[in-house]
């Protein structure tokens, strides 16, 4: 019985080893020319290594959470699309309700102005 798991274990070892080798090769062979642009904070809008008690804008995190919510719908849509023929009209109705709720949530967020960056 354990022989059936040998290909899976081999795949895990080879993929982990390949990942480590590629990371080390990129680190060893890649250019190392840091400048002020590369070392400056980006995307979040505040210095990364300052006082932990400083105030910051929460909108960045709200947009990140919204992205995760709307992006995770693929985890439900893809298996549904694979089994679409087996699910029939019931599966189509359920997915329609699911997508409808997502669209409704998106419209709500849009109308509230949560997608606007001032």
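Residue numbers (this note's numbering): 1 to 118.
No residue lacks a Cβ here, since even glycine has one placed at the ideal position from N, Cα and C.
Exercise. When DSSP labels each residue in this structure, what does residue 40 get in the three-state scheme?
Worked result: Counting from 1 along the chain shown, the entry for residue 40 is found at position 40. If DSSP states are grouped into helix, strand and coil, residue 40 belongs with coil.
Exercise. Between residue 73 and residue 92, is the Cβ-Cβ spacing less than 7 Å?
Worked result: Walking along the chain shown from the start, residue 73 turns up at place 73. Walking along the chain shown from the start, residue 92 turns up at place 92. No, the Cβ-Cβ distance between residue 73 and residue 92 is not below 7 Å.
Problem set entry | The alpha helix (DSSP H) enclosing residue 108, as first and last residue numbers | Working through the chain shown from its first residue, we reach residue 108 at position 108. Counting along the chain, the alpha helix (DSSP H) containing residue 108 begins and ends at 84 to 112.
Exercise. Where do the ends of the alpha helix (DSSP H) carrying residue 53 lie?
Worked result: Stepping through the chain shown from its first residue, residue 53 is reached at position 53. Segment: none, residue 53 is in no alpha helix (DSSP H) and carries neither H nor E.
For this session: Please check the pair residue 107 and residue 115, which I expect to be a contact at CB under 8 Å, by giving their CB distance rounded to whole angstroms.
Result: Counting from 1 along the chain shown, the entry for residue 107 is found at position 107. Counting from 1 along the chain shown, the entry for residue 115 is found at position 115. That belief does not hold up - the Cβ atoms of residue 107 and residue 115 are roughly 11 Å apart, past 8 Å.
Exercise. Is residue 29 helix, strand or coil when you go by DSSP?
Worked result: For the purposes of this step, residue 29 is identified with residue 29 of the chain shown, where counting begins at 1. Reduced to three states, the DSSP call for residue 29 is helix.
Exercise. Straight-line CA distance for residue 85 to residue 68?
Worked result: Here residue 85 refers to the residue found at position 85 of the chain shown. Here residue 68 refers to the residue found at position 68 of the chain shown. Approximately 28 Å between the Cα atoms of the pair.
Problem set entry | Residue span of the alpha helix (DSSP H) that contains residue 71, given as start and end | Walking along the chain shown from the start, residue 71 turns up at place 71. 59 to 71 is the extent of the alpha helix (DSSP H) around residue 71.
Exercise. Leaving out five residues before and five after residue 70 in sequence, what residues of the same chain have Cβ atoms less than 6 Å from its Cβ?
Worked result: Working through the chain shown from its first residue, we reach residue 70 at position 70. So the list is empty, once near-sequence residues are dropped.
Problem set entry | Alpha carbon of residue 83 to alpha carbon of residue 90, nearest angstrom | Within the chain shown, numbered from 1, the residue matching residue 83 stands at position 83. Within the chain shown, numbered from 1, the residue matching residue 90 stands at position 90. Answer to the nearest angstrom: the Cα atoms are 12 Å apart.
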